[in-house]
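The structure appears below as structure tokens.
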Amino acid sequence: MTGASPASAGQTGGMPRTLLPGRSSRLLVVDPATGHAEVVLESRRLLVEAPNWSPDGRWLVVNGDGLLWRVPADARGVDESALEPVAMGDVPEINNDHVVVPDQSAIVVSARDGHLYEVPWAGVAPGGAARRVTREHPAGRSYKNYLHGVSPDGRTLSVVVGALPTAVADPRDEEARAAWRTDVALVSRSDGTTTPVTADDHPDDGPEFSPDGRWLWWNSERASVAPGHAQLFRAPADGSGQPVQVTSGPRVDWFPHVSPDGRALLWISYDPGTTGHPEDRDVVLHVLPLGDDGLPAEGAVPRDVLRTVGGQGTINVPCWAPDSARFACADYPRG
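Residue numbers (the numbering used here): 2 to 336.
Take a look at the structure:
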């Protein structure tokens with residue numbers, strides 16, 4: 002999810018993120034077994050974010066400057082000129098929450114107007130239009146959808162809904178903004194019907210399906226004793242059970258991604274005391290082996306696979322290669 006409140010630029014149609022002076026933007030592919038990272042793309046002009054790996058394994062899909070791009074996954078050492086634009090037609094500027102559907106026929110994106118749109122994999126034809134997935138927003142609630150996953154059958158999207166719990170006369174009012182909250186929900190890709198998964202005051206983000214479609218993984222502050230201390234949770238995708246806490250360490254854990262073979266869990270963590278998921282921080286990417294039940298294997302210990310500068314935009318969305326042998330990420334090093 003981009004932003005942390007309806008007042009943030011990521012939720013009001015503000016300008017896309019840009020690189021800070023003296024930084025570059027890199028798109029990496031990483032071997033989770035060794036931590037070896039290869040640079041696919043590096044730019045000092047365009048800030049690229051949130052890579053998805055296409056289901057056929059051939060492409061990496063990213064956003065940058067409010068637009069959608071792709072680059073061959075086997076490219077190495079290229080710059081922004083190697084990016085191919087994906088035409089979105091009349092879709093407003095997008096943020097860094099997007100997914101490729103399992104049959105690779107389309108990419109679903111989160112736009113800064115709070116709606117989800119479906120863009121054909123080949124792009125919108127000249128003069129054409131993308132299909133809006135989500136229904137009209139309820140008035141007076143600063144309602145936004147942030148996309149993080151798609152079910153294995155391609156029918157259901159997992160999202161974070163950011164909204165005020167009740168309608169107010171002026172959603173921009175400071176008191177109203179303070180009441181804005183985030184919950185996990187499922188959205189029908191065909192008709193936009195939204196089904197809540199959580200409905201409480203605990204900040205939630207990053208919901209993603211397990212490869213078998215039975216579970217949702219996300220990060221939440223529902224077990225936190227300090228503001229911002231997100232940890233990872235899992236719950237049945239059909240709503241039949243309560244969230245179960247999976248991580249419980251001192252670091253702030255975000256954006257869980259289960260590998261396509263179901264054998265590993267990838268996530269990003271921040272230093273203790275961090276609130277939200279800010280950009281340009283020292284972060285660690287971790288991988289934890291999973292057992293046959295889809296939970297951490299007995300005695301398994303997380304491995305610190307990559308230490309880098311990033312956070313917002315690094316692994317916001319599904320990023321594993323389809324063979325589970327690598328994952329993609331973005332970072333923003335100094336110098």
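Just so you know, even glycine gets a beta-carbon here, dropped at the ideal spot from N, CA and C.
Buried versus exposed call for residue i [16 or more other C-beta atoms within 10 Å across all chains shown]
i: E209; result: buried
i: V253; result: buried
i: P7; result: In this predicted model, P7 has a pLDDT of only 38, less than 50, meaning its place in the structure is not dependable enough to derive any value.
i: E222; result: buried
i: P17; result: buried
i: T35; result: exposed
Test item: CB-CB of residue i and residue j under 9 Å
i: L165; j: R182; result: yes
i: P323; j: T276; result: no
i: S270; j: V259; result: no
i: R59; j: L20; result: no
i: Q105; j: P56; result: yes
i: A170; j: G141; result: yes
i: G115; j: M89; result: no
i: L266; j: V306; result: no
i: L117; j: V134; result: yes
Simplified DSSP state of residue i, which is helix, strand or coil
i: S249; result: coil
i: R282; result: strand
i: T178; result: The sequence as given places Arg at residue 178; Thr does not occur at that position. In this structure, R178 counts as helix in the three-state DSSP scheme.
i: S189; result: strand
i: E222; result: coil
i: T13; result: Note on T13: pLDDT 34, under 50, position unreliable in the model; no value is reported.
i: N97; result: strand
i: P22; result: coil
i: C320; result: coil
i: G207; result: strand
i: P7; result: Residue placement at P7 cannot be trusted, given a pLDDT of 38 that sits under 50; what the coordinates show is reported in the next sentence. Three-state result, P7: coil.
i: D332; result: strand
Element boundaries [beta strand (DSSP E), containing residue i]
i: E119; result: L117 to P121
i: R53; result: Checking the sequence, you will find Asn at residue 53 rather than Arg. Run containing N53: E50 to W54, per the beta strand (DSSP E) assignment.
i: P93; result: Per DSSP, P93 belongs to no beta strand (DSSP E) and is neither H nor E.
i: R235; result: Q232 to P237
i: S270; result: A265 to Y271
i: E43; result: A38 to S44
i: I108; result: A107 to A112
i: S26; result: S26 to V31
i: E81; result: No beta strand (DSSP E) contains E81, which DSSP labels as neither H nor E.
i: R59; result: Element bounds for R59: n/a, residue is neither H nor E.
i: L68; result: L68 to P73
i: R304; result: R304 to G311
i: T195; result: T195 to P197
Segments of 3+ residues assigned as beta strand (DSSP E) that fall wholly inside the region 132–156: Taking only runs of at least 3 residues, the beta strand (DSSP E) segments lying wholly in the region 132–156 are 145–151.
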